[in-house]
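Reviewing the structure listed below.
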Amino acid sequence: MTTHEFIGTVSRALGRSTPQAPAPLVYRHSVHTDVMRGLSQDALAKEFVDYSRTIGAHVVETTRSQLPASLIQVVKDSPAGSIVVADDPLLRELGIVRLLRAIAPVQLWDVDGTPAENIKFAEKARIGIAVARMALAESGTVLLFSHAGTGRSVTLLPEATIYIIPQSLIRPRLTQGMAYVQEQQNDLPPCINFVSGPSATSDIELVRVVGVHGPMHVVHMLVTDL
Amino acid sequence: MSIKTSDLSFKQRMRENLSDSFKRQSIAAAQDLINQKRQECYDKLGDFEKWRDLAADIRSHVLDNLDYYLEQFVSNAERVGATVHFARDAAEANAIAREIFRKKKATKAVKSKSMVTEEIGLNEALEEIGVQILETDLGEYLLQVDNKDKPSHIVIPALHKDRKRIRGVLAAELGYDGDDVPENMTKFVRGILRQAFLSADIAVTGCNFAIAETGTIALMTNEGNGRFVTSIPKTHIVFMGMERIVPSFRELDIMFSMLARSGVGARTSVYMSLITGPKAPADVDGPEELHIIIVDNGRSAVLASEFRDVLRCIRCGACMLECPAYRHVSGHGYGVLYPGPLGAALVPLIAGYKEYKDITKICSLCGACNDVCPVKIPLYETIYQHRRIIVEREKLTNRLEDAAFSVYGNIIGHSRLYRAATRLAFLGNWAPRVSLLKEWCKSREMPVIQKERFRDWFARRRRGEA
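Dropping the structure here:
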């Protein structure tokens, strides 16, 4: 069946022969933009931290200068094993790979490598590290562009994920998250994820169980002066 | 599976489910728990009525302009490298999928929970050509390994199973030897499904929403299976009900905000994934091919009918969690893929009044569903209207019912007959408790009819005699 035939059926169901450009969609209310309106960045950060904890993410607050030391501590507190690190400008600048190699086998997501090699390493790794594009206070959510250096597998296959989150990038809610995605619409990466805490299910007797297919442990490392 | 999920008759389904006390307790507990969480969630958010105004406006706007937005979606999805297919019905959708599997010489597939694939019976269609297709949502997987048991709820499919039963099935089918603690059983399944993800040729998903402006597919999951299937297998097939569209990410914000809250009483799901085309040249992982199969399967007829509003549905399941009838008979009582008020409103439209007239009777028209629907579908009015159509237009009543109503119509339409019948009504007190009366009296007490009619008593009273 062709596009033309299919769309034609839909048009006829709507009582016309071809699609017509719609009148603009008018929003009657502004409830979505009113949430946490006018909150300071510090207040947003507090909301983000509180709700991250509610959904089972571990939160570590640090500063840019303290980040290497904090990260080493977090890694030491996480499941012991190898680490896959997203190839991200901030992580490169901080020299994360070199730093962590002192305590564990580390591999940078290799944008020139094959899928099989990269996935194999990520699947064996116990920890994945990535940088958030934005974070949402209302729901403890991290926005990720799972693209290029931040391979999809980095934050999916290892049993723990550490997200580095610059505090200045915290916004009230999904409304701002979607607005940000919409701004990039001419150059959208093929995979974007909003991630809120560890993978979870309530499918057996409605008992919440953490860690079904994705990570069981999620750490939000909030960098207060970034 | 297909729309029909049970071969039992209406009465058999009622009897079986009403006598299953474990199932009834589980459903009741789930309703109470999730309804409370949902309420708390919306209380915290505030202005529920305004939020649902927005959500309903968006869905109505999309439906009224669905041809325009579909065309826009298709051209953008193709622009970003997806291959778009169209299916008029279940058979066409399955044929397209089979063809992709044949071309790819694929034998192993993993699937992330999708209602539309259940609607068209995809699993069976693929199994017929030798494809092994695994459900990866934990609840759906537990049903699949339990001799393809049927879901009792659209969001929490294995709601009717307790941990003992699940442990037994895992032990018998997969050699599990652990205890019945949900954490341990989940961990066991994690190990099995992980291997399946890593070795699958093709991933199959549904589509919560499709964004017209960018050609993006939006998926909402909690377990991470939605992410897994869109990361590892080399081919990704999306099945999309044709009404799943939103104009832009701005509207997706409102819809996702409502779906998570109304579905499971959470501010958000753990994962919201936005998939725009196959992987880019700069990407290492992700599917090389992305196919989107847009399915009509009766939807365009609903769009053209007086029941267009039913297509606003975002499949959150709140109506069934609020429904007092669903509470007792569970999803299995309906015997269809979409149970509860939504099922009673939607299924007769997409699958016919003739076969599905009975499910409209599993409704007391109390209207509780309307009050919680995040997109303000007039559910009970729709069900009521179906009942009228079943009797007046389709004439699908049975003879006994016809005879009873014709007697009633005669009595109520003739004053002499009415007087005589009401005088003799007390004779009904001796009527044998058989057939219809017997069913009715199972859970109710037959009222005793007085010898003296109210109008006679009232006349006596006026005369000062009573």
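Heads up: the sequence lines are chains A and B, in that order.
Just so it is clear: in the first sequence, position 94 is 151 by the numbering used here, and no numbers are missing.
Just so it is clear: in the second sequence, position 448 is 1883 by the numbering used here, and no numbers are missing.
Cβ coordinates follow ideal geometry from the N, Cα and C atoms, glycine included.
Since residue i is in the alpha helix (DSSP H), which residue starts that stretch and which ends it?
| i | result |
| --- | --- |
| Cys1754(B) | 1753-1757 |
| Phe1521(B) | Careful: Phe1521(B) lies outside any alpha helix (DSSP H), inside the beta strand (DSSP E) at 1518-1522. |
| Phe63(A) | 60-70 |
| Met1690(B) | 1684-1699 |
With distances taken from CA atoms, which of the options is nearest residue i?
| i | options | result |
| --- | --- | --- |
| Val1745(B) | Tyr1504(B), Pro1774(B), Leu1814(B), Val1883(B) | Leu1814(B) |
| Leu1605(B) | Phe1632(B), Lys1585(B), Tyr1576(B), Gln1630(B) | Tyr1576(B) |
| Arg1696(B) | Gly1752(B), Pro1668(B), Glu1724(B) | Gly1752(B) |
| Leu1561(B) | Cys1642(B), Val1545(B), Glu1880(B), Ala1839(B) | Val1545(B) |
| Ser1708(B) | Lys1877(B), Pro1592(B), Ala1645(B) | Ala1645(B) |
| Leu263(A) | Val1705(B), Ile1469(B), Ile1689(B) | Ile1469(B) |
| Leu245(A) | Arg1514(B), Arg1734(B), Ala1522(B) | Arg1514(B) |
| Ile1884(B) | Phe1861(B), Leu1852(B), Phe1632(B), Val1869(B) | Phe1861(B) |
| Phe202(A) | Gln224(A), Ala182(A), Pro247(A), Leu214(A) | Pro247(A) |
| Gly1770(B) | Glu1554(B), Ile1824(B), Asp1806(B) | Glu1554(B) |
| Phe1536(B) | Ala1522(B), Ala1525(B), Val1566(B) | Val1566(B) |
| Val1448(B) | Ile1794(B), Ala1866(B), Ile1589(B) | Correcting the residue identity first, residue 1448(B) is Arg in this sequence and not Val. If we check each option's Cα against that of Arg1448(B), Ile1794(B) comes out closest. |
| Val1826(B) | Val1509(B), Gly1733(B), Ala1653(B), Lys1789(B) | Lys1789(B) |
| Lys103(A) | Pro125(A), Arg155(A), Ile227(A), Thr207(A) | Ile227(A) |
| Glu1563(B) | Arg1679(B), Pro1592(B), Ala1532(B) | Ala1532(B) |
| Tyr1477(B) | Lys1792(B), Asp1584(B), Leu1694(B), Thr1711(B) | Leu1694(B) |
| Ile1672(B) | Gly1775(B), Tyr1773(B), His1588(B), Phe1521(B) | Phe1521(B) |
| Asp1636(B) | Ile1785(B), Asn1500(B), Val1664(B) | Val1664(B) |
| Pro1586(B) | Ile1438(B), Glu1741(B), Arg1851(B) | Ile1438(B) |
| Thr1703(B) | Val266(A), Leu156(A), Tyr220(A), Tyr108(A) | Tyr108(A) |
| Glu180(A) | Thr75(A), Leu231(A), Val211(A) | Val211(A) |
Output the boundary residues of the beta strand (DSSP E) element that contains residue i.
| i | result |
| --- | --- |
| Val280(A) | 274-280 |
| Leu1425(B) | As displayed, chain B neither begins before 1436 nor continues past 1901, which places residue 1425(B) out of reach and without an answer. |
| Ile1728(B) | 1724-1730 |
| Pro223(A) | 217-223 |
| Ser1708(B) | 1706-1710 |
| Gly185(A) | 184-188 |
| Met191(A) | 191-193 |
| Ala1786(B) | Segment 1775-1786 is the alpha helix (DSSP H) holding Ala1786(B); no beta strand (DSSP E) there. |
| Leu165(A) | 163-165 |
Taking the beta carbon of residue i as the centre, do at least 16 other beta carbons fall within 10 Å, making it buried, or is it exposed?
| i | result |
| --- | --- |
| Tyr1843(B) | exposed |
| Asp282(A) | exposed |
| Met1755(B) | buried |
| Val83(A) | exposed |
| Val1699(B) | buried |
| Met1881(B) | exposed |
| Asn1582(B) | exposed |
| His1595(B) | buried |
| Gln1630(B) | exposed |
| Arg1834(B) | exposed |
| Cys1804(B) | buried |
| Leu1800(B) | exposed |
| Lys1714(B) | buried |
| Trp1486(B) | buried |
| Gln1460(B) | exposed |
Since residue i contacts residue j with CB under 8 Å, what's their CB separation in whole angstroms?
| i | j | result |
| --- | --- | --- |
| Gly1603(B) | Ser1666(B) | With 8 Å as the limit, Gly1603(B) and Ser1666(B) do not qualify as a contact, their Cβ atoms being about 33 Å apart. |
| Phe1684(B) | Thr1552(B) | Actually they are not in contact, since the Cβ atoms of Phe1684(B) and Thr1552(B) sit about 25 Å apart, beyond 8 Å. |
| Ile1572(B) | Lys1548(B) | Contrary to the premise, residue 1572(B) reads as Asp rather than Ile in this sequence. So it is a contact: roughly 4 Å between Cβ atoms. |
| Gly1676(B) | Val1730(B) | 6 Å |
| Asp145(A) | Ala187(A) | 7 Å |
| Arg1662(B) | Gly271(A) | 6 Å |
| Ile153(A) | Val142(A) | 6 Å |
| Arg85(A) | Asp1891(B) | With 8 Å as the limit, Arg85(A) and Asp1891(B) do not qualify as a contact, their Cβ atoms being about 57 Å apart. |
| Pro255(A) | Gly113(A) | 5 Å |
| Asp1502(B) | Val67(A) | 4 Å |
| Met1655(B) | Phe1691(B) | 6 Å |
| Leu124(A) | Leu151(A) | 6 Å |
Is any heavy atom of the ligand PLP found at a distance shorter than 8 Å from the C-beta of residue i?
| i | result |
| --- | --- |
| Gly1700(B) | Ligands are entirely absent from the displayed structure, and the ligand PLP is therefore not among its contents. |
Nearest chain E C-beta to residue i closer than 9 Å, yes or no?
| i | result |
| --- | --- |
| Val280(A) | Among the chains of the structure shown, chain E does not appear; the protein chains present are A and B. |
So if I threshold CB-CB distances at 7 Å, which residues from the region 107-132 of chain A count as touching chain B?
none
Can you give me, in chain order, the residues of the region 82-101 of chain A that have a beta carbon less than 7 Å from any beta carbon in chain B?
Under the 7 Å Cβ criterion, the region 82-101 of chain A contributes Leu82, Tyr84, Arg85, His86, Val88, His89.
Against chain A: residues of the region 1619-1635 of chain B by CB proximity under 9 Å
Those would be Met1620, Thr1621, Lys1622, Val1624, Arg1625, Leu1628, Arg1629, Phe1632, Leu1633, in chain order.
Determine which residues of the region 1474-1497 of chain B have a Cβ less than 8 Å from any Cβ of chain A, and write them out in chain order.
Leu1480, Gly1481, Asp1482, Lys1485, Trp1486, Asp1488, Leu1489, Asp1492, Ile1493, His1496
Residues of the region 1671-1691 of chain B with a CB closer than 8 Å to any CB of chain A: list them in chain order, please.
Met1677, Pro1682, Ser1683, Phe1684, Arg1685, Glu1686, Leu1687, Asp1688, Ile1689, Phe1691
Closer than 8 Å, Cβ to Cβ, to anything on chain B: give me those residues from the region 235-249 of chain A, in chain order.
Met235, Ala236, Val238, Gln239, Gln242, Leu245, Pro246, Pro247, Cys248, Ile249
Proximal residues, the region 1640-1659 of chain B versus chain A, C-beta separation under 8 Å:
Glu1648, Thr1649, Thr1651, Asn1657, Glu1658, Gly1659
Give the residues from the region 190-224 of chain A that approach chain B closer than 7 Å (Cβ to any Cβ), ordered along the chain.
Glu195, Ser196, Thr198, His204, Ala205, Gly208, Arg209, Ser210, Leu213
When Cβ atoms are compared, which residues of the region 130-154 of chain A fall closer than 7 Å to chain B?
none
Against chain A, which members of the region 1703-1727 of chain B pass a CB distance test of less than 8 Å?
Thr1703, Ser1704, Val1705, Tyr1706, Met1707, Ser1708, Leu1709, Ile1710, Thr1711, Gly1712, Pro1713, Lys1714, Ala1715, Ala1717, Asp1718, Val1719, Asp1720, Gly1721
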